[in-house]
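Asks: The sequence shown begins at 15 in my numbering and counts up one residue at a time. This is the structure I want to talk about, given as structure tokens.
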Amino acid sequence: MSATSAKRPPLAVLLTNTEDVHATPVERELNLLGTPYLRYDTDVAWPTSGASFHLDRNGSARATFTGSGITAESSEITAVWNRRPTRAAVAPQLDGNPRDFAIDETTAGLQGTLRSIDSAWLSHPDAVRAASFRPAQLRAAVAAGFTVPETLVSQDPALVYDFMRAIGGRAIAKLVSSGPPRLPSNDPYNVFAGIVETRDLDDSQISLSPVLYQRPVPKAYELRVTLVGDNLLACAMDSQTSMDGLDDWRRADPESIAHRPVTLDDPTATRCRRLARALGLEFGAFDLVVTPEGETVFLEVNPNGQWLWIEDFTGLPIAAAIARWLTDGTETSRPVTKVNASVLSEGTPR
Numbered sequence: 015m016s017a018t019s020a021k022r023p024p025l026a027v028l029l030t031n032t033e034d035v036h037a038t039p040v041e042r043e044l045n046l047l048g049t050p051y052l053r054y055d056t057d058v059a060w061p062t063s064g065a066s067f068h069l070d071r072n073g074s075a076r077a078t079f080t081g082s083g084i085t086a087e088s089s090e091i092t093a094v095w096n097r098r099p100t101r102a103a104v105a106p107q108l109d110g111n112p113r114d115f116a117i118d119e120t121t122a123g124l125q126g127t128l129r130s131i132d133s134a135w136l137s138h139p140d141a142v143r144a145a146s147f148r149p150a151q152l153r154a155a156v157a158a159g160f161t162v163p164e165t166l167v168s169q170d171p172a173l174v175y176d177f178m179r180a181i182g183g184r185a186i187a188k189l190v191s192s193g194p195p196r197l198p199s200n201d202p203y204n205v206f207a208g209i210v211e212t213r214d215l216d217d218s219q220i221s222l223s224p225v226l227y228q229r230p231v232p233k234a235y236e237l238r239v240t241l242v243g244d245n246l247l248a249c250a251m252d253s254q255t256s257m258d259g260l261d262d263w264r265r266a267d268p269e270s271i272a273h274r275p276v277t278l279d280d281p282t283a284t285r286c287r288r289l290a291r292a293l294g295l296e297f298g299a300f301d302l303v304v305t306p307e308g309e310t311v312f313l314e315v316n317p318n319g320q321w322l323w324i325e326d327f328t329g330l331p332i333a334a335a336i337a338r339w340l341t342d343g344t345e346t347s348r349p350v351t352k353v354n355a356s357v358l359s360e361g362t363p364r
């Protein structure tokens with residue numbers, strides 16, 4: 015093998031923010047593996063964090079990234095963990111419109127520079143964005159073989175009332191976006207899924223914005239499945255033992271719900287991998303319901319979902335799986351802007 019075709023030694027970029035507690039255990043696992051990495055916190059301003067792109071007169075491109083006290087060139091970077099980047103931070107002396115403009119420009123500069131490099135992505139930002147659109151995600155889940163509840167996304171009162179009548183007058187109402195919304199103070203807060211009945215609705219409220227309405231699914235227990243590459247780490251949650259967790263387990267105190275590691279049956283594992291591949295995702299947090307009859311129902315996949323509490327409660331080695339993926343890499347990830355239908359038609363997912 016020639017020097018030019020030799021595999022590069024690994025160098026991972028962790029793209030996140032200073033408040034992300036999930037990055038720390040992955041850093042620890044990377045250190046155990048001896049894998050060098052650069053942590054890029056997008057909420058820290060230049061010169062602590064920064065990115066530059068240069069295209070020379072010969073058409074050769076080079077990008078550089080600075081973070082966690084080191085600078086790396088794009089030719090050195092083998093994998094990027096697209097964890098939780100936020101809007102960029104800028105010089106503190108800026109305020110008002112100039113500050114907003116600088117934030118937008120810095121964010122665009124970073125995102126554009128990231129998209130210019132050839133590396134493996136966990137997962138590519140364009141795939142993460144495309145997978146976050148719920149209607150397309152639900153269609154892809156059906157094509158991947160999952161059972162999906164009847165769903166309506168609308169702000170048309172006539173359509174909403176028709177849907178409510180068709181499913182018996184009760185629905186689970188959810189955000190259409192991945193959220194969470196922010197208060198005027200810019201502090202995030204949670205909006206949980208909950209039951210709505212026809213009598214709770216009126217035209218003026220319905221028409222304000224689209225809402226995702228879904229037929230309620232009877233639950234024996236729920237599954238949170240974390241996919242890292244082809245690796246599936248599954249946790250069963252007894253959400254129905256907590257009154258707060260009946261409709262949305264996130265509303266309950268995690269300590270009040272039993273968590274246990276489980277092994278997925280082959281059909282469910284196949285569907286998870288097939289859907290992730292169709293959406294272009296190397297990481298995904300799947301929310302599934304197991305009904306009292308034993309049927310597994312798909313609710314959603316969060317392309318950048320939380321997982322640390324699962325590892326803490328069950329010992330599932332999710333941080334280690336991410337670190338190993340960043341060390342070993344995979345084929346260069348490409349942006350995905352729509353569902354890959356050809357993948358869904360294949361019988362055997364990778």
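Where a beta carbon is used, it is the ideal one built from N, C-alpha and C, also for glycine. These figures come from a predicted structure and were not determined experimentally.
Using DSSP's beta-bridge definition, name the partner residues of I186.
Replies: Looking at the DSSP assignment, I186 forms a beta bridge with I209, Q228.
Asks: Let's see if you can read the secondary structure: which residues bound the beta strand (DSSP E) around S168?
Replies: Element bounds for S168: 165-168.
Asks: According to DSSP, L247 sits in a beta bridge with which residue or residues?
Replies: L247 pairs with T240.
Asks: Under the three-state reduction of DSSP, which class applies to W323: helix, strand or coil?
Replies: Three-state result, W323: helix.
Asks: For S66, report the span of its beta strand (DSSP E) as first-last.
Replies: Start and end: 64-69.
Asks: Take D252 as the anchor and find which of S66, E164, V276 has the nearest alpha-carbon.
Replies: If we check each option's Cα against that of D252, V276 comes out closest.
Asks: Are at least three pairs of beta-carbons, each pair with one atom in the region 155-162 and one in the region 285-302, less than 8 Å apart?
Replies: Because the criterion of three Cβ pairs below 8 Å is met, the region 155-162 and the region 285-302 touch.
Asks: Rounded to the nearest angstrom, how far is the Cβ of A187 from that of Y235, given a contact under 8 Å?
Replies: The pair is not a contact, with the Cβ atoms about 22 Å apart (cut-off 8 Å).
Asks: Between A335 and R98, what straight-line distance do the alpha-carbon atoms span, to the nearest angstrom?
Replies: Cα to Cα, A335 sits roughly 18 Å from R98.
Asks: Report the CB separation of V167 from P317 in whole angstroms; it is logged as a contact under 8 Å.
Replies: About 18 Å; that fails the 8 Å criterion.
Asks: When the Cα atoms are used, what is the spatial distance from I91 to R338?
Replies: If you take the alpha carbons of I91 and R338, they lie about 15 Å apart.
Asks: The beta strand (DSSP E) with I84 in it runs from where to where?
Replies: Unbroken beta strand (DSSP E) run through I84: 84-87.
Asks: Beta strand (DSSP E) containing E309: first to last residue?
Replies: From DSSP, E309 is part of no beta strand (DSSP E); its letter is neither H nor E.
Asks: Which residues does DSSP list as the beta-bridge partners of F297?
Replies: V242.
Asks: Three or more beta-carbon pairs under 8 Å between the region 126-135 and the region 75-95, yes or no?
Replies: They touch, by the three-pair rule.
Asks: Can you tell me which of Y54, A102, L340, D301 puts its alpha carbon nearest to the alpha carbon of F79?
Replies: Ranking the options by Cα distance to F79, first place goes to Y54.
Asks: Where does the unbroken beta strand (DSSP E) through W95 begin, and where does it stop?
Replies: 93-96 is the extent of the beta strand (DSSP E) around W95.
Asks: For my contact list, R238 and A299 are in at a C-beta cut-off of 8 Å; report their separation, rounded to the angstrom.
Replies: Indeed, because the Cβ distance is near 7 Å, the residues count as touching under 8 Å.
Asks: Among S223, S88, T56, V104, whose alpha-carbon lies nearest the alpha-carbon of F67?
Replies: It is S88 whose Cα lies nearest to the Cα of F67.
Asks: Leaving out five residues on either side along the sequence, give the residues of the same chain with a beta carbon under 7 Å from the beta carbon of A59.
Replies: Correct list, in chain order: A103, V104, A105.
Asks: DSSP beta-bridge partners for V27?
Replies: Paired residues: L52, V94.
Asks: Note down, one range per segment and in chain order, each alpha helix (DSSP H) of at least 4 residues found wholly within the region 127-175.
Replies: For the region 127-175, whole alpha helix (DSSP H) runs of length 4 or above, ordered along the chain, are 139-145, 148-157.
Asks: Can you name the start and end residues of the alpha helix (DSSP H) that V40 belongs to?
Replies: Note, V40: alpha helix (DSSP H), 37-47.
Asks: Considering just the uninterrupted stretch of the alpha helix (DSSP H) at A335, what are its terminal residues?
Replies: From DSSP, the alpha helix (DSSP H) with A335 extends over 332-342.
Asks: Of the choices G73, L44, D216, A145, whose alpha-carbon is the least far from that of E314?
Replies: Among G73, L44, D216, A145, the Cα nearest to that of E314 belongs to A145.
Asks: Tell me the rounded alpha-carbon separation between F312 and D301.
Replies: Approximately 7 Å between the Cα atoms of the pair.
Asks: According to DSSP, simplified to helix, strand and coil, what is N111?
Replies: N111: helix per DSSP, three-state reduction.
Asks: Is it buried or exposed, F297, if we count other Cβ atoms within 10 angstroms and call 16 or more buried?
Replies: Its Cβ being crowded by 16 or more others within 10 Å, F297 is buried.
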